[in-house]
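In this text, residue positions in the sequence shown follow full-length UniProt numbering: the first is 1, and each later residue adds one.
Heads up, the beta-carbon is just placed ideally off N, CA and C, and yes, glycines get one too.
Shown next, in structure tokens, is the structure this report addresses.
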Amino acid sequence: MANTSLGSLHAMSDGNSCHQKRATCLGSQCTSKPTLFLSPKMSVFVDSCFVTTSKDPNATPRLEVIHNFGCMVDSKRKGSQSQFFSSESNVLRFTVDAFLFPQITAKRLYLHCTMTVMKSTSKQSAKSCTYNRAVGSLDGDYILGGLFQLHEKYGVTGTVTDTENRKPEVLQCHRFTFSSASYQQIQVMRFAIEEINNSTLLLPGVSLGYEIFDYCSDLLSYGAALDFLTQKGRGAIPVWNGTNYRPKVISVTGPFGSSQTISVAPLYMSEMIPMVTHGASSVQLSSKNRFPSFFRTIPSDKYQVAAIVRILRQFNWNWVAFIGGDNDYSRDALTVFQDEIRPANICLAYQDTIPQNQSLIGCLFNNIAMFNIQVIVVFANVEFVIPFIQKAIDLRVKEKIWIASETWSMNQELIKKSQIERIGTVLGITVQRHKDLRGFDEFINNTVKSRHENACTDMDLKERCGQICSDCNSTSAQTIIGEDPTYSFVIYSAVYAVAHALHNALRCGTWNCANSEIIAYPYMVTEALKQVKFKLDNQSIEFDENGDPPAHYDIVHWDCKNKTCSNVDIGSYLTNPTPSFHINETLIHWFAGTKAPVLQCSSECKSGSRRVQTGFHTCCFECEICSDGKYINHTADPYSCIACQKDEWARNGSTSCTKRSIEYLHSDAPLAIFLMFQAISIILISMAILVLFLCKNDTPVVKSAGGRLCFFMLCCLSMSSSSIFLYIGKPTEAICTLRNSVFIVFYVACLSCLAVRSFQIVCIFKLPKAYDFWVKHGGQWITITTTTVIMLFLCILWIAIEGPRPNQLTLYSEVILDCTYGVIPIFYVIVLFAALLGIACFSFAYMGTDLPKNYNEGKSITFSLLIFFISWVISLTVHLSTKGKHTLSVNPFSVLCSLYGILFGYFFPKCYIIIITPERNTAAYFQTAIQSYTLQPR
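This is the structure in structure tokens:
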């Protein structure tokens, strides 16, 4: 880049009558045309221009017309027509209003300009900008500033102004698309101010004015934003010197977008000028550290996102896409959305930004289809949404669920689009709507009527119509009234909030503001806004500590019938006084039928199954049933099976654990009662037989049974049966110690008696000499005593080293209280000793089966031992093959069978002879039996 003085500056009037170099004709408006002889790839631009009364560029006085590398500073004057024109054929044109310097009579004024030559590349854009001017103003004691996006960079069809490949040209708001919706919002602000000025209760005796600028872009509208900061009556922004100064405006309403507001807000925050916006809903603006004088009448997006998440939760949709625009409104909402969905178990399957190049929008839908997403949250400004939805229609995207943010949920252009009903079901969030503002329609009709009566033209719009906006002049009353009224009340309440705050700052009474010496400064209004609280159309207007109002949203549905769609209220979400969410599902017409579709990445697992995540997102999973002893709590953690506590159990596929039942032979249980009854029966029967044998002690039957040996056996049977009582009740260390020992010691004593008795009978008839030796030396009692003492010693040794102890056996739903077997080797020795004794007894008994019938006790003893062996084999089999509470009764049953075997097999036949057939209980009968055995051939 290089400065140059080559070439000339030609001044040409409209009639081409003036051709003077470096001068303009006084009294007429002339068009300047800088001309240089350059190569085709080079272009010339005007950096600065100023006017003096002589040819000397250093002369005074001087007036700047263009500065800051091409900004038309002269356009900032009220009523100025100075501006750049669009470049055509590489000709840069601009116009400057003619003027005179005060108290100086000069025939000529000289315009000095500095020009720059540069390469004309596609990436460069000229800074030939005209400062934006107010589109409407009204004088008053206090001026309210307004920033509204009257012209939008995006057209109604979604066409994006190509800022990358266009040629350098003048940036002016009127080059963008006129927004009748924004024009309606401007009229709402004017209507509210006029209503307040006509009020006798609010700000009596104080008039409000307004100055409204078209905030079409940050670049073009920054001058307008700065204009609000100029000192009232001086037209300049003073350097702060510690004293108060009164800026032109007492407050600012707008701009609508969050990004625009965040961009311009710092200008006003430094001077504590209150901003009360109607559309900037970004959560960033709730920060009082950054935006101390910021307020808004639209709820923060934090609540809007919460409402959207409640809708997703209501229908159990957990696989969603989030599509936004390239601005703070969408980016901040995405951040909040990600925080909100995490605890709600909703997965963000895909998120993207709507590209400005419409040809790239199709890629978004390809990605959505690739991830099989059916629920799409579109959180973007309407200028982004219109081309996005149009592309969806063109690509025949259908059967989707669309969640609309408040910026486009009520947009009438979108809902009236052809074939809009094919895209699926649209649910949306919108700020709480109110009835039409009373008197607003009449105000619009009167405004339009007055405009036509005054025949406003582009040249006199400012003076005669209160606005500078040629497009506004051609907008009909029906168009203004028919626009989306979503933001009408929030603008209306924003103006009234400032008015109430100003009323309090001026200490106005009911009838007048008596203290005329009070001058309200912006910071005073800011402080008053923090405390403001009033009713407006039965709606409470107030701000919290962040400058946010209570949230109250309506939930709407695009109800499409006969290819015509309309907005239907189906629910609401509010935060004051407590959070409340309501939705009427019966009012929704789903694309898939009468019920809400199930739209999830994976179907919910059946009860008792855990999720096994299959990818990055927690919503995509397979199901695996929880095994025995574990359960799953889907509310706390649907991905983990939790082990039950030691005293709990659960079957496979359980959702909770159950306390294990404590199992042992309770004394009041029927089985325990039966066992105790049988034990008592054995004792009573044994005592009865003992008494009977005592009475018949001298009879052959009693003598052949063993005489005094029978009394010992019956006492041992009684003592063994008492061990049954040790199986009843909760096992203790004492019970476990005595339970098996008592039985085995006394039973072995009884078993040794049987062995001795069977051995004696065999010896009497087959080994008489051995029998004599046996009897002479007391062999029977020695044998019985020895075997009993050995068993007693083994039991004492068993207990001393490590005897049986209480034990808990955990099995599924129960904890079995039983006893251990102590030192297993010694236990096996005890069992082996008893088994060998039983085998010896069985052998002797079997050898005497052919003896005389009256002395033949082999069969009885054999029968008793068979019952003994069978019962304990069964007991061992049961213990090895099964576990459970029923095994607790196996041992006592084996004990009973062993005892009953001896009673029934050995003693009952002898009782039968004594009681039923006493004729067989004689010495003669026994002698006959011996003779018959002796005479038998061998």
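Opening and closing residue of the alpha helix (DSSP H) in which residue i lies
i	result
Phe844	Ile824 to Met847
Glu195	Ser180 to Asn197
Gln390	Val382 to Asp394
Gly779	Gly779 to Glu802
Glu624	Run containing Glu624: none in the alpha helix (DSSP H); it sits in the beta strand (DSSP E), Phe621 to Ile625.
Thr877	Gly858 to Ser881
Thr261	Ser258 to Met269
Among the options, nearest to residue i - alpha-carbon criterion
i	options	result
Phe489	Ile914, Lys449 and Ile186	Ile186
Gln374	Cys347, Pro387 and Asp394	Cys347
Ala349	Leu364, Ser287 and Leu574	Leu364
Ile902	Ser871, Ser881 and Ile914	Ser871
Ala499	Asp569, Val525 and Thr479	Val525
Ser474	Tyr487, Phe904 and Lys449	Lys449
Leu226	Gly205, Glu271 and Ser82	Glu271
Lys533	Tyr496, Cys565, Trp511 and Tyr523	Tyr496
residue 939	Ser741, Ser843 and Ile799	Residue 939 falls outside the range modelled here, since the chain spans only 1 to 938, and no answer is possible.
Ser287	Phe315, Ala307 and Asp332	Asp332
Cys819	Asn740, Val895, Gln432 and Val789	Asn740
Backbone CA spacing between residue i and residue j [nearest angstrom]
i	j	result
Cys113	Ala59	14 Å
Asn584	Gly884	55 Å
Cys795	Ile689	29 Å
Asp484	Asn381	14 Å
Thr177	Gln149	10 Å
Ser182	Gln613	49 Å
Leu876	Leu738	20 Å
Thr922	Val829	45 Å
Phe379	Asp537	30 Å
Cys560	Arg422	9 Å
Ser572	Ile555	5 Å
Leu792	Ile915	37 Å
Gln808	Glu663	9 Å
Glu542	Asn633	43 Å
Met189	Tyr492	6 Å
Ser300	Val283	6 Å
Cys472	Tyr210	17 Å
DSSP bridge partner residues for residue i (one or two, in chain order)
i	result
Lys400	Gly424
Val249	Ile143
Ala643	Lys630
Cys49	Ile66 and Cys113
Glu152	Thr177
Glu814	Ser661 and Leu811
Glu648	Lys659
Lys776	Lys776 is not bridged to any residue.
Pro806	Cys819
residue 971	A query on residue 971 cannot be resolved here, the shown segment of the chain reaching from 1 to 938 and no further.
Burial state of residue i, where buried means 16 or more other Cβ atoms lie within 10 Å
i	result
Met72	buried
Lys398	exposed
Glu195	buried
Val873	exposed
Cys695	exposed
Cys841	buried
Arg342	exposed
Asp731	According to the sequence shown, residue 731 is Pro rather than Asp. Label assigned to Pro731: buried.
Ala321	buried
Phe677	exposed
Lys776	exposed
Gln478	exposed
Asn289	exposed
Leu866	exposed
Asn697	exposed
Ser359	exposed
Residue range of the beta strand (DSSP E) that includes residue i
i	result
Lys561	His552 to Lys561
Val691	No beta strand (DSSP E) holds Val691; the alpha helix (DSSP H) holding it covers Pro670 to Cys695.
Glu542	Gln539 to Glu542
Asp328	First-last for Asp328: Asp328 to Ile341, but that is the alpha helix (DSSP H), not the beta strand (DSSP E).
Val377	Val375 to Phe379
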